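Student: Here it is, the structure in full.
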Amino acid sequence: MAKSPPAAPAAPVQPTPTTRACGTMPVHERLLRTDPAYARARIASENHHFEFRLRRGMGARTGVTRIPVVVHVVFKTAAQNIADSQVQSQIEVLTNDFRKRNADLNRIPAAFQPLSGDARVEFALATTDPAGNASNGITRTQTNVNAFSDDDAVKHAASGGADAWPPGQYLNMWVCQLGGGLLGYAQFPGGAADTDGVVVLHSAFGTNGTAAAPFNLGRTATHEVGHWLNLRHIWGDDGGGCNGDDFVTDTPNQADANTGKPAFPLISCHNGPNGDMFMNYMDYTDDDSMFMFSAGQVERMQACLDGDRAGLGTQVAGTSPFLDTALATDVATLKFSEDSPPTLAANDLGTLKFREDQPPVTLKFRDDAPPTVKFREDVQTFTKFRDDVKSPLSDKPPISDTATLAGNDLQPIGPGPVIDPTPFAVNPAFGGNFGGGGFGGGGFGGRGGVPFVLSTPHHSMAWTQSFPQAAQAEMQALAQQIGELESLLMQYAQAEQAGQLGDVDRAQADQLYRTYEAMMTEYQRYSGV
């Protein structure tokens with residue numbers, strides 16, 4: 001009598017973790033080390049956010065974006081093959097959380113309630129597949145893999161997972177068994193198309209079925225989709241050093257991730273009296289202890305929908321994604337006046353005009369000139385623009401030192417950062433051809449007014465050593481951008497001496513100088529100088 005083949009061993013039962021763990025930053029770090037295209041795309045993405053913040057006062061993105069979602073259920077056991085109702089419960093949570101309709105909104109402490117924002121993003125399961133066939137927005141794949149990790153194997157049929165649908169049309173979400181205590185992870189904008197999306201542990205997905213406390217309210221997916229829309233962890237991922245940043249101005253400085261169910265106020269990094277915004281979706285608290293995005297995070301997500309993820313989803317309210325499309329026109333010059341802030345060239349750097357009847361004059365800003373730092377001999381001196389100006393720069397350190405520029409022969413006077421000029425080719429309707437696309441809030445450290453650069457000297461040097469040719473090309477492009485910055489700053493200086501700069505103009509010039517300083521610093525990191 002023939003014997004039956006032995007039954008395949010059952011997948012080990014893995015309990016739901018009790019502490020939140022997100023794999024997004026390890027994935028981000030891996031891609032920065034191994035993929036130069038990703039590194040350049042991340043810089044371009046942050047520079048677009050920088051631009052978006054600058055133009056917000058003249059035209060804000062409006063309306064609600066509805067994003068079609070495909071959920072790839074990848075399972076080995078029957079329990080992991082979650083029901084449609086569990087999937088639908090998660091989609092409902094996402095829409096409620098991103099639209100500020102969550103039932104626990106009233107638990108936000110009074111101090112933070114004014115900062116809570118409606119992201120104006122809704123989610124719905126896809127009704128058609130990429131071929132145009134009717135679909136319920138759910139795919140199901142049986143696998144032999146006991147547990148996946150953050151190596152993206154779940155995103156490929158060849159490695160036991162499911163292939164992504166086109167990320168320009170859908171938000172891809174994979175639901176599976178994850179190992180190593182991982183609840184989920186996302187890929188920031190700028191990564192490869194075939195791995196774009198969000199992965200979530202099946203027992204931390206939705207609000208019914210296999211969803212288990214303390215992660216049974218769907219907030220893991222809210223957190224990971226926040227990453228997918230370019231949000232960072234609220235504490236800045238610096239290991240408790242109080243120096244990290246999430247590139248958002250209205251989230252308090254915070255030492256490290258908060259877990260469990262903290263009590264308000266929770267003070268860290270001298271951020272009293274209100275302390276950490278631990279109820280933010282981008283912290284690590286339990287599902288029942290997080291219930292808000294901040295207005296600054298909303299702006300960052302809207303910038304992502306305007307840039308990296310433009311074209312994804314549909315506008316279901318509002319006649320235009322912008323209130324003001326004037327910036328699409330070609331403004332040839334940067335003009336100063338007594339009653340309006342300057343406007344930057346939309347399609348090229350152009351020239352600066354102040355007043356036709358006033359020629360450039362010798363530079364002088366203050367009677368009590370501070371010490372001068374000279375980069376070259378025989379050059380004109382200019383001081384950073386600040387004269388007790390009451391401006392949006394109040395959260396930045398005072399400026400008192402000076403620098404010198406090289407008059408008409410504007411060549412790079414030192415190293416600056418590797419800032420990818422790509423954003424201006426992608427979005428030529430706004431911004432000059434220098435890092436960050438303009439001045440006025442944004443990337444570097446989030447709470448400063450300079451563009452994005454790779455976050456640490458280690459990142460910069462490691463990337464340069466791994467991809468020397470690409471790094472050299474970037475650095476050569478930066479040399480030109482630094483020269484253009486110097487030209488702009490010189491013309492600001494001339495306008496100041498002519499008495500044509502108001503407080504707003506000086507604030508803008510101050511922001512521009514910060515851009516220049518950041519570029520110098522980052523180039524030094526890349527070059528090892």
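So in full-length UniProt numbering, spot 71 of the sequence shown is number 71, and the numbers just go up one at a time. We put the CB at the ideal spot given by N, CA and C, even for glycine. Just so you know, these numbers come straight off a predicted model, no measurement behind them.
1) Alpha carbon to alpha carbon, what distance is there between Gln481 and Ala313?
2) Measuring only the C-alpha atoms, how far is Arg66 from Trp165?
3) For Ala495, does the count of other Cβ atoms within 10 angstroms reach 16, so buried, or fall short, so exposed?
4) If you draw a straight line from the C-alpha of Ser268 to the C-alpha of Asp35, how long is it?
5) Which runs of the beta strand (DSSP E) spanning at least 3 residues fall entirely within the stretch 49 to 90, listed in chain order?
6) Would you tell me roughly how many angstroms separate the C-alpha atoms of Gly179 and Ala147, rounded to the nearest one?
7) Less than 8 angstroms between the beta carbons of Met292 and Phe112, yes or no?
8) Taking the alpha carbon of His227 as the reference point, which residue from Asn216, Gly209, Ala255 and Pro189 has its own alpha carbon closest?
9) Distance check for Gln80 and Gly160, CA to CA, integer angstroms please.
10) On a Cα-Cα basis, can you pick out the residue from Gly483, Leu512 and Ile138 that is closest to Tyr492?
11) Assign Val316 to one of two classes, buried (16 or more other C-beta atoms within 10 Å of its C-beta) or exposed (fewer than that).
12) May I ask you to list the residues that DSSP assigns as paired with Arg140?
13) Buried or exposed, going by whether 16 or more other CB atoms sit within 10 Å of the CB of Tyr119?
14) In whole angstroms, give me the CA-to-CA distance for Gly241 and Gln254.
15) So Ala295 packs on Leu115, CB below 8 angstroms; how close in whole Å?
16) How far does the beta strand (DSSP E) with Val199 in it extend, from its first residue to its last?
17) Give me whichever residues DSSP pairs with Ser116 in a beta bridge.
18) By alpha-carbon positions, which one of Arg300, Asp84, Ala212 and Gly307 ends up nearest to Gly117?
19) Would you call the stretch 215 to 229 in contact with the stretch 275 to 287, where contact means no fewer than 3 C-beta pairs closer than 8 angstroms?
20) Our contact map puts Asn271 next to Thr251 with C-beta atoms below 8 angstroms; I'd like the distance itself, whole angstroms only.
21) Measure the alpha-carbon distance for Asp245 versus Gly236 and round it to whole angstroms.
22) Quick one: is Thr128 buried, meaning 16 or more other Cβ sit within 10 Å of its Cβ, or exposed?
23) What distance in whole Å lies between the Cβ atoms of Thr16 and residue 534, which are believed to be in contact at a cut-off of 8 angstroms?
24) Check whether the Cβ atoms of Val87 and Thr139 sit closer than 8 angstroms, and answer yes or no.
25) Excluding the 5 residues preceding and the 5 following Asn274 in the sequence, name in chain order all residues of the same chain whose CB lies nearer than 6 angstroms to its CB.
26) The beta strand (DSSP E) spanning Ala226 covers which residue range?
27) May I ask you to list the residues that DSSP assigns as paired with Gln315?
28) Inspect the CB distances between the stretch 41 to 52 and the stretch 192 to 208 and report whether three or more fall short of 8 angstroms.
29) So, helix, strand or coil for Gly260, using DSSP?
30) Check for me: the beta strand (DSSP E) holding Met173 runs from which residue to which?
31) I'd like the span of the alpha helix (DSSP H) that includes Leu31, first residue to last.
32) Going by beta-carbon coordinates alone, are Ile82 and Thr210 separated by less than 8 angstroms?
33) Roughly how many whole angstroms lie between the Cα atoms of Ala509 and Leu489?
34) Skipping 5 residues on each side, what residues in its chain have a beta carbon closer than 6 angstroms to that of Tyr516?
Tutor: Answer, in terms of the structure:
1) Inspection of the sequence shows that residue 313 is occupied by Gly rather than by Ala. In this structure, the alpha-carbon of Gly313 lies about 35 angstroms from that of Gln481.
2) If I take the Cα positions, the gap works out to 17 angstroms.
3) By the 10 Å Cβ count, Ala495 comes out buried.
4) C-alpha separation (whole angstroms): 35 angstroms.
5) At a cut-off of 3 residues, the continuous stretches assigned as beta strand (DSSP E) that sit fully inside the stretch 49 to 90 are 65 to 75.
6) Roughly 5 angstroms between the two C-alpha positions.
7) Yes, they are a contact pair.
8) The candidate whose alpha carbon is nearest that of His227 is Pro189.
9) Straight-line measurement puts the Cα of Gln80 at about 14 angstroms from the Cα of Gly160.
10) Of the listed residues, the one whose Cα sits closest to Tyr492 is Leu512.
11) By the Cβ neighbour-count rule, Val316 is exposed, with fewer than 16 other Cβ atoms within 10 Å of its own.
12) The partner list for Arg140 (beta bridge, DSSP) reads Val73.
13) Residue 119 is actually Ala in this sequence, not Tyr. Answer is buried; the Cβ neighbour count reaches 16.
14) If I take the Cα positions, the gap works out to 9 angstroms.
15) The pair is a contact, with the Cβ atoms about 6 angstroms apart (cut-off 8 angstroms).
16) Per DSSP, Val199 is one residue of the beta strand (DSSP E) stretching across Val198 to Leu201.
17) Answer is Ser294, bridged to Ser116.
18) When only C-alpha atoms are compared, the closest one is Arg300.
19) Contact check between the stretch 215 to 229 and the stretch 275 to 287: three or more CB pairs, one atom from each, fall below 8 angstroms, which counts as touching.
20) Separation of the CB atoms of Asn271 and Thr251 is rounded to 10 angstroms, and the pair is thereby denied contact status at 8 angstroms.
21) Rounded to the nearest angstrom, the gap between the Cα atoms of Asp245 and Gly236 is 4 angstroms.
22) With fewer than 16 other Cβ atoms within 10 Å, it is exposed.
23) Nothing can be reported for residue 534: it is not among the residues displayed for the chain, which extend from 1 to 529.
24) Not closer than 8 angstroms, so no.
25) These residues qualify, in order along the chain: Ala111 and Pro265.
26) Contrary to the premise, residue 226 reads as Gly rather than Ala in this sequence. Annotation: Gly226 is outside any beta strand (DSSP E); the continuous alpha helix (DSSP H) that includes it extends over Arg219 to Trp228.
27) Bridge partners of Gln315: Thr65.
28) Cβ pair count under 8 angstroms is below three, so no.
29) Strand, per DSSP.
30) Where Met173 is concerned, the enclosing beta strand (DSSP E) stretches over Leu171 to Cys176.
31) From DSSP, the alpha helix (DSSP H) with Leu31 extends over Thr24 to Thr34.
32) A contact, by the Cβ cut-off of 8 angstroms.
33) Inter-residue distance for Ala509 and Leu489 is about 7 angstroms (C-alpha atoms, whole angstroms).
34) Contacts found: Leu485.
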